[in-house]
Amino acid sequence: MSSTSQEFTQEFYIDNENDMVAFGERIGRSLRAQPKSQCVFLNGDLGAGKTTLSRGILRAFGHTGAVKSPTYTLVEIYEFAERRVYHFDLYRLGDPEELEYMGIRDYFSDGSICLMEWPERGKGILPESDLLIDVSVQGAGRKIQLKAKTNFALA
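Numbering (full-length UniProt numbering) for the sequence shown: 1 to 155.
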């Protein structure tokens, strides 16, 4: 782990889909331990595994059902006893201003977790991320890079 101007970076290699879900669960457990709202940016090409990672994060909160990428609805809401998790997919967003029309600022309150796929499409409207996750294909697996402004410890 290294730090550059108050940013902490960690890298991991994930072998397969099951390991990606398990890694997501570790991230989710760490997010659950945070008392405040968290904004998580998930970057990566189509098919890199962002939604699979999100499935693991949601499992850490107790979700047992399917997790689909909210490409057409923009957001899926998951209600849990202790907090809400909003899973956004901004891939089809035409203009960042559309986020204002849907009341995006209301999602970043009350200890909520916002998972944002394709966050660059909301540039200028979205807040800064608390945790940035870059997912890239590397051989048969995936390289995951976590960047946080604070020392983010995996559970």
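Glycine is no exception: its CB is placed at the ideal position from the N, C-alpha and C atoms.
Because the structure is a prediction, the values reported are computed rather than measured.
Query                                                                                                            : Result
Best match in D19, E100, T9 for proximity to A140 [C-alpha to C-alpha]                                           : D19
3-residue-minimum beta strand (DSSP E) runs that sit fully inside the region 88-151, ordered along the chain     : 113-117, 131-138, 141-148
L74 versus W118, S109, A60, residue with shortest Cα-Cα distance                                                 : W118
Close-in-space but distant-in-sequence residues of the same chain around R121 (CB under 8 Å, 5 per side omitted) : L90, Y91, L93, P96
Proximity below 8 Å, CB of G103 to CB of R55                                                                     : no
Contact check, L58 vs V85, beta carbons under 8 Å                                                                : yes
Collapsed DSSP secondary structure at T52 in the structure displayed                                             : helix
For I133 and N43, believed in contact at Cβ under 8 Å, the rounded distance                                      : 7 Å
Run of the alpha helix (DSSP H) containing V21, from where it starts to where it stops                           : 17-32
Closest by C-alpha distance to T64, when choosing among E79, I144, G124, T71                                     : E79
Sheet register partners of E76 (DSSP bridge)                                                                     : H87
Through-space distance from G28 to A66, alpha-carbon basis                                                       : 16 Å
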